[in-house]
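Below is one structure, written out as structure tokens; comments come after it.
Protein chains: 2
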Amino acid sequence: MIPNLNIVPFVSVDNMMKLVLRVGIERFIAGLAEYVEEDFRRWETFDKTPRLASHSAEGVIELMPTSDGRTYGFKYVNGHPKNTREGRQTVTAFGVLADVGTGYPVLLSEMTILTALRTAATSAVAARHLAPRDAACMAIIGNGAQSEFQAVAFRALLGIRQLRLYDIDPAATRKCIRNLAGFGFDITPCQSAEEAVAGAQIVTTVTADKQYATILTDNMVGAGIHINAVGGDCPGKTELHRDILMRSDIFVEYPPQTRIEGEIQQLAPDHPVTELWQVITGAAPGRANPGQITLFDSVGFATEDFSALRYVRDQLAGTGLYEGLDMLADPDEPRDLFGMILRAAAPAPAKAPAGA
Amino acid sequence: MIPNLNIVPFVSVDNMMKLVLRVGIERFIAGLAEYVEEDFRRWETFDKTPRLASHSAEGVIELMPTSDGRTYGFKYVNGHPKNTREGRQTVTAFGVLADVGTGYPVLLSEMTILTALRTAATSAVAARHLAPRDAACMAIIGNGAQSEFQAVAFRALLGIRQLRLYDIDPAATRKCIRNLAGFGFDITPCQSAEEAVAGAQIVTTVTADKQYATILTDNMVGAGIHINAVGGDCPGKTELHRDILMRSDIFVEYPPQTRIEGEIQQLAPDHPVTELWQVITGAAPGRANPGQITLFDSVGFATEDFSALRYVRDQLAGTGLYEGLDMLADPDEPRDLFGMILRAAAPAPAKAPAGA
């Protein structure tokens, strides 16, 4: 979209918000979901590797690369639960797409907002294949930064109109209700997770503490529901009681990563799971009967970020919602990097006087 | 250096050139070399991992992360030898420093130029510990993009004043001579690698072909010299005949990476090598006697990029040679990412009229 080889389009936070609003949040998530599903469908073409994580006492910094052989992408993302106490985000992220043929980056984008959008889109893609067909009501346990994105994604892809919300902090639930006011939901705030789950065909758990927690216990989960477990996403962080996992058919993105980071870190390393891409391609069954409990143990995978960056790139043209970054050295003569520096010191050629 | 938590300082190619020129190329490399040596000296404090490479038919894209527990850094770098035929760089790079405590990026920088500077600085740091003490003359085989940086680094750190240059393309040698005109070298262009090596106490090999090549054969290498092998830096790419390696004491950055990428990929996986950091800390001997052939088998390691980014960060203050990138979402209320997007749609509050 920019002719100069050495200029990389950059989508700032401000421009990402403008792009999402221009497309419309619900339409943006729906469009992004199609890219996510398309990339799951061609799963076998991707280079896949568990994320490269650098853990510290306070959190984690991760690099998540992947490639489909033509385009390479990676995301930088941190997770620092204590950040909110200092006015920072728990999770921030940015990402890059590059051309495999030349190695040149072709897009740099904020991904804090984009990750929230792609996480919700992926949850809804999974639920489209796994949730009861007549699902009308979703419980959301944990009403923090990701909750509204989940609600809008499930409305866009599955037609969910009824929400039952619960958070240990009632202010979070009030914020969620306020933000979703214009989206046409029928919302019931609840006093407990148990109350929220009652009558819901889909249960989304999306809490944020970095610890083993038990958001759902076995007695709360009835037959036939779909559980969308989003919050457990790193070693030592889970949300569901082990007994629920034992009663569920479990679907995951990329087993080598989910075994370390997901709810199934509580289970034996050979506990059977189904890969989501196989359900999407039809190679494995999704929901087989109405009484079944399906569980999408979502931790987020590099291909989803790749899909999101692809979607953003394809929406950008003609919007002007990016800046060009002078990020790649572009000497006139590729072997003369040193000379390029020397020439930068030379005074610019004098301009002809006006009118000459 | 910028008060807003969510704004990341970005050093463009243009600003990097201005920064290098403001500091002075030779002084910049010398300063960077001190940071490189300092980080080798505290080698054991770093998280180390071989680079994460994505190979394709045309080249490679790599991520090189490391952390010292307080600061995290990574470099994105590609290697595409065919790029020069299309007016692109073989190697381009950018890098990021982040705060381990919060996970927030604190610097984004071009690294095409910076990698050239740090590679030369690292070579000179190694040679300061390994080369004959009275070295006055260096041969440079391969006079492409990295050659002048090597020359200036060896002048800055070892006082090298005589250069003997050879490249299969005489135009590259002429370019190198032209670029080094103002630096006070006594330069001899040569007709062959053998001629270039004659009389040199240090031999730097820095050719660019992605293949097994033999830039130096055994009969060309006399006793007592130091070989700085820079060009062989990926699987399948070497520059030196195996017989030279067998006669040399070999020093490397990070053995797990060098065994795959360096000259020593030609040798048995247990062939003895010495780690450079051990020489620098005094834990292992460097040059032990005048007749010894020392070989620095350099492939470039993540800590060197970390040192370079640290150096740039420390030089930036007060220069204004960076832009602030709106790269990290910064909602007023960290849990309200969705609301931040909604509020971006609202018209800005009307300003009070002038004079009111």
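Going down the list, the sequences are from chains A and B.
Counted from 1, the first sequence has number 105 at position 106 by numbering that gives the first Met the number 0; the numbering is strictly sequential.
Counted from 1, the second sequence has number 75 at position 76 by numbering that gives the first Met the number 0; the numbering is strictly sequential.
For glycine and all other residues, C-beta sits at the position ideal for the given N, C-alpha and C.
* Given that H270/B touches chain A, what residues does it touch there, using C-beta distances under 8 Å? -> The sequence position of residue 270/B within the second sequence is 271, counting from 1. Under the 8 Å cutoff, chain A gives no residues; its nearest Cβ is about 28 Å from H270/B.
* Using only alpha-carbon positions, find the residue among L18/A, N5/A, T216/A and N82/A that is nearest to T318/A. => To locate residue 318/A, count along the first sequence from 1; it is residue 319. If you compare the alpha carbons of L18/A, N5/A, T216/A and N82/A with that of T318/A, the shortest gap goes to L18/A.
* Can you tell me the Cα-Cα spacing of V10/A and L107/A, whole angstroms? -> Along the first sequence, read from residue 1 onward, the residue named residue 10/A stands at position 11. Along the first sequence, read from residue 1 onward, the residue named residue 107/A stands at position 108. Counting only the Cα atoms, L107/A lies some 6 Å from V10/A.
* Where DSSP assigns a beta bridge to F93/A, which residues make up the other side? -> Your numbering for residue 93/A matches position 94 in the first sequence. Per DSSP, Y75/A and E109/A.
* Pick helix, strand or coil for R26/A, following the three-state DSSP scheme. => For the purposes of this step, residue 26/A is identified with residue 27 of the first sequence, where counting begins at 1. Helix.
* Asked: Do the CB positions of L275/A and A125/A come within less than 7 Å of each other?
  -> Residue mapping note: residue 275/A aligns to position 276 of the first sequence, counting from 1. Residue mapping note: residue 125/A aligns to position 126 of the first sequence, counting from 1. Taking 7 Å as the cut-off, the Cβ atoms of L275/A and A125/A count as close.
* What are the start and end residues of the beta strand (DSSP E) that includes Y165/A? -> Position 166 of the first sequence, counted from the first residue, corresponds to residue 165/A. Counted as a single uninterrupted DSSP element, the beta strand (DSSP E) harbouring Y165/A occupies residues Q161 to Y165.
* **Cross-chain neighbours of G72/B in chain A, by beta carbon under 8 Å** => Sequence index remark: in the second sequence, residue 72/B carries index 73 (1-based). The contacting residues do not exist; G72/B stays about 10 Å from chain A at best.
* Asked: Alpha carbon to alpha carbon, what distance is there between I224/B and Y103/B?
  -> Counting from one through the second sequence, the residue named residue 103/B turns up at place 104. Counting from one through the second sequence, the residue named residue 224/B turns up at place 225. Cα atoms of Y103/B and I224/B: separation of roughly 46 Å, rounded to the nearest angstrom.
* Asked: Just how far apart, CA to CA, sit A344/A and K81/A?
  -> Numbered from 1 along the first sequence, position 345 holds the residue referred to as residue 344/A. Numbered from 1 along the first sequence, position 82 holds the residue referred to as residue 81/A. CA-to-CA, the gap between A344/A and K81/A works out to about 46 Å.
* Are the beta-carbon atoms of D217/A and D242/A separated by less than 7 Å? -> As a first step, residue 217/A is located in the first sequence; it is residue number 218 there, counting from the start. As a first step, residue 242/A is located in the first sequence; it is residue number 243 there, counting from the start. In contact: D217/A and D242/A (Cβ atoms closer than 7 Å).
* Below 8 Å between beta carbons is the criterion; list the residues of the segment 92-108 of chain A that meet it against any residue of chain B, in chain order. => Those would be F93, V95, A97, V99, G100, T101, G102, Y103 and P104, in chain order.
* Length of the line joining the Cα atoms of W42/A and E252/A -> The count along the first sequence starts at 1 and reaches residue 42/A at position 43. The count along the first sequence starts at 1 and reaches residue 252/A at position 253. In a straight line, the C-alpha of W42/A is about 10 Å away from that of E252/A.
* Determine the DSSP secondary structure at N227/B, reduced to helix, strand or coil. => Start at 1 with the first residue of the second sequence, and residue 227/B comes out as number 228. Reduced to three states, the DSSP call for N227/B is strand.
* **Spatial distance of E194/B from Q88/B (CA atoms)** => Translated into positions along the second sequence, residue 194/B becomes position 195. Translated into positions along the second sequence, residue 88/B becomes position 89. Distance from the CA atom of E194/B to the CA atom of Q88/B, rounded to whole angstroms, is 30 Å.
* Cα-Cα separation, L157/B to Q200/B -> In the second sequence, counting from the first residue as 1, residue 157/B sits at position 158. In the second sequence, counting from the first residue as 1, residue 200/B sits at position 201. Near 12 Å, if we compare the C-alpha coordinates of Q200/B and L157/B.
* Residue nearest to I292/A in terms of C-alpha spacing, selected from A316/A, F153/A and D248/A -> Translated into positions along the first sequence, residue 292/A becomes position 293. In this structure, D248/A is the residue among A316/A, F153/A and D248/A with its C-alpha nearest to the C-alpha of I292/A.
* In chain order, each beta strand (DSSP E) run of at least 3 residues that lies wholly inside the segment 119-203 of chain B -> Whole beta strand (DSSP E) segments, 3+ residues: 136-140, 161-165 and 185-188.
* Asked: Three-state secondary structure (DSSP) at M326/B?
  -> Mapped onto the second sequence, residue 326/B falls at position 327. For M326/B, the three-state secondary structure derived from DSSP is coil.
* To do: Return the Cβ separation of E147/A and L179/A in integer angstroms, given the expectation that the two are a contact with Cβ distance under 8 Å.
  => Within the first sequence, residue 147/A is the residue found at index 148, counting from 1. Within the first sequence, residue 179/A is the residue found at index 180, counting from 1. Indeed, because the Cβ distance is near 6 Å, the residues count as touching under 8 Å.
* Asked: If you measure beta-carbon to beta-carbon, which residues of the segment 156-173 of chain B are closer than 8 Å to chain A?
  -> Shown in chain order are the members of the segment 156-173 of chain B whose Cβ falls below 8 Å from a Cβ of chain A: A171.
* Continuous beta strand (DSSP E) stretch holding V7/B: start and end -> The sequence position of residue 7/B within the second sequence is 8, counting from 1. Unbroken beta strand (DSSP E) run through V7/B: I6 to V10.
* Taking just the CA atoms, how far does D185/B sit from N14/A? -> For the purposes of this step, residue 14/A is identified with residue 15 of the first sequence, where counting begins at 1. For the purposes of this step, residue 185/B is identified with residue 186 of the second sequence, where counting begins at 1. Rounded to the nearest angstrom, the gap between the Cα atoms of N14/A and D185/B is 54 Å.
* **Euclidean distance between Cα positions of D168/B and P49/A** => Locating residue 168/B in the second sequence gives position 169, counting from the first residue. Locating residue 49/A in the first sequence gives position 50, counting from the first residue. One C-alpha to the other measures close to 44 Å.
* Asked: Under a three-way DSSP split, which group does P254/A fall into?
  -> For this step, residue 254/A is matched to residue 255 along the first sequence. Taken through DSSP and simplified to helix, strand or coil, P254/A comes out as helix.
* Going by C-alpha distance, which of L96/B, V298/B and L215/B is nearest P255/B? -> On the second sequence, residue 255/B is found 256 positions in, with the first residue counted as 1. Nearest of L96/B, V298/B and L215/B to P255/B, Cα basis: V298/B.
* **Cross-chain neighbours of N77/B in chain A, by beta carbon under 8 Å** => In the second sequence, the residue the question calls residue 77/B occupies position 78. Against N77/B, the close residues of chain A are A97, T101, G102 and Y103, in the order they occur along the chain (beta-carbon pairs closer than 8 Å).
* To do: Assign S191/B to buried or exposed, taking buried as 16 or more other Cβ atoms, counted over all protein chains shown, within 10 Å of its Cβ.
  => Along the second sequence, read from residue 1 onward, the residue named residue 191/B stands at position 192. Exposed, since its Cβ has fewer than 16 Cβ neighbours within 10 Å.
* Please state if the CB of V76/A and the CB of A92/A are separated by a distance shorter than 7 Å. => Translated into the one-based positions of the first sequence, residue 92/A becomes position 93. Translated into the one-based positions of the first sequence, residue 76/A becomes position 77. Less than 7 Å separates the beta-carbon of A92/A from that of V76/A.
* Rounded Cβ spacing between T206/A and G230/A (contact assumed at less than 8 Å) -> On the first sequence, position 207 is the one that residue 206/A refers to. On the first sequence, position 231 is the one that residue 230/A refers to. About 4 Å separates the two Cβ atoms, so the contact holds.
* Between L320/A, N5/A, P271/A and E36/A, which lies nearest to A119/A when the distance is taken from Cα to Cα? -> The count along the first sequence starts at 1 and reaches residue 119/A at position 120. Of the candidates L320/A, N5/A, P271/A and E36/A, the one whose C-alpha sits nearest the C-alpha of A119/A is E36/A.
* Would you check if the distance between the CB atom of A155/A and the CB atom of E25/A is smaller than 7 Å? => Counting from one through the first sequence, the residue named residue 155/A turns up at place 156. Counting from one through the first sequence, the residue named residue 25/A turns up at place 26. Yes, Cβ-Cβ distance for A155/A and E25/A is below 7 Å.
* Got a sec? Which residues, its chain only, sit under 6 Å from F300/A by beta carbon, not counting five neighbours each side? -> Taking the first residue of the first sequence as 1, we reach residue 300/A at position 301. For F300/A, where only same-chain residues beyond five positions count, the Cβ hits under 6 Å are E252 and Y253.
* To do: For A283/A, return the contacting residues in chain B, with the cut-off set at a CB-CB distance below 7 Å.
  => To locate residue 283/A, count along the first sequence from 1; it is residue 284. The premise fails here: A283/A is roughly 28 Å from chain B at the closest Cβ pair, so nothing lies under 7 Å.
* Taking Cβ positions only, does M326/A come closer than 7 Å to chain B? -> Looking up residue 326/A in the first sequence gives position 327. True, the Cβ-Cβ gap to chain B drops below 7 Å.
* Asked: Listing by chain order, which chain A residues have their CB less than 7 Å from the CB of A344/B?
  -> Residue mapping note: residue 344/B aligns to position 345 of the second sequence, counting from 1. Near A344/B (Cβ distances below 7 Å), the residues of chain A are L20.
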